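**Q**
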Amino acid sequence: MRELEYLKLLAKDYPTLRDAAREILDLKAILSLPKGTEYFFSDLHGEDQAFSYLLRSSSGIIREKIRETFGHYISETDEEALAKL
Numbered sequence: 001m002r003e004l005e006y007l008k009l010l011a012k013d014y015p016t017l018r019d020a021a022r023e024i025l026d027l028k029a030i031l032s033l034p035k036g037t038e039y040f041f042s043d044l045h046g047e048d049q050a051f052s053y054l055l056r057s058s059s060g061i062i063r064e065k066i067r068e069t070f071g072h073y074i075s076e077t078d079e080e081a082l083a084k085l
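With our numbering applied, the sequence shown covers 1 to 85.
Here it is in structure tokens:
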């Protein structure tokens, strides 16, 4: 019975089989994309300057995610400040 409720909800966004199939293919394609860069730090004893630099420079994908999220809503200065938090 619940399955029918879910199908009705999905039918609002994907009214035809073709629409549903297209969305499934799009989602599968997104899942197969490579992940963004992730950094893992351990044993930082005595390396506070290097670690601080990495954090302040927004290494990895942080700036890209800020741009995706906020787009033109914040200035470049605010974007930089947010990335350094």
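Where is the CB? At the ideal position from N, CA and C, for every residue including glycine.
Please read these numbers as outputs of a predicted model, since none were measured by experiment.
1. By how many angstroms is the C-alpha of Arg67 removed from the C-alpha of Gly36?
2. In this structure, how does DSSP classify Ile38 when only helix, strand and coil are distinguished?
3. Along the chain, where does the alpha helix (DSSP H) containing Lys65 start, and where does it finish?
4. Smallest Cα separation from Ile62: which of Ala83, Ala20, Lys8 and Glu3?
**A** Considering the structure as presented:
1. Straight-line Cα distance between these residues: approximately 14 Å.
2. Rather than Ile, the amino acid found at residue 38 in this sequence is Glu. DSSP, reduced to helix, strand and coil, places Glu38 outside both helices and strands of the structure shown, so it counts as coil.
3. Taken as a continuous stretch (DSSP letters only), the alpha helix (DSSP H) holding Lys65 covers Ile62 to Phe70.
4. When only C-alpha atoms are compared, the closest one is Ala83.
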